[in-house]
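**Student:** Residue numbers are given in the working numbering: position 1 of the sequence shown equals residue 1, and the series is strictly consecutive. First, the structure itself, so that you have it in front of you.
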Amino acid sequence: MTETRFDVGMTCEGCANAVKKILGKLEGVSDIQTNVDAKSVVVLHDESVSKEVMLEKLQKWSAASGKSVALSS
Numbered sequence: 001m002t003e004t005r006f007d008v009g010m011t012c013e014g015c016a017n018a019v020k021k022i023l024g025k026l027e028g029v030s031d032i033q034t035n036v037d038a039k040s041v042v043v044l045h046d047e048s049v050s051k052e053v054m055l056e057k058l059q060k061w062s063a064a065s066g067k068s069v070a071l072s073s
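Written as structure tokens, this is what we have:
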């Protein structure tokens, strides 16, 4: 499994649940951990899903919600 981290401007559990729902629809994603206080998301996934695909999905949500999204360094 591969671990990918994102910095996401979540402000509440509603945001966290939206992120989980979006990423959970992707085949190959096995676990999603969100931390609203730290504004972080950790995704465990196999090689069939790329970080770029996950980032693209989160950026669509970001555009609609006004929340920030970035790959964590």
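From the three backbone atoms N, C-alpha and C, an ideal C-beta is built for every residue, glycine too.
Can you tell me whether DSSP reads Leu-44 as helix, strand or coil?
**Tutor:** The answer is strand: DSSP assigns Leu-44 an E or B state.
**Student:** With distances taken from CA atoms, which of Thr-34, Lys-39, Val-41, Ser-48 is nearest Gly-28?
**Tutor:** Of the listed residues, the one whose Cα sits closest to Gly-28 is Ser-48.
**Student:** Any idea what DSSP makes of Val-36, helix, strand or coil?
**Tutor:** Here Val-36 sits in coil by DSSP.
**Student:** Measure the Cβ-Cβ separation of Val-36 and Ala-64 and say whether it is below 7 Å.
**Tutor:** Contact flag unset, no.
**Student:** Taking 7 Å as the limit between beta carbons, can you name the residues of its chain near Lys-51, skipping five residues before and five after?
**Tutor:** Cβ neighbours of Lys-51 beyond the five flanking positions: Thr-4, Leu-71.
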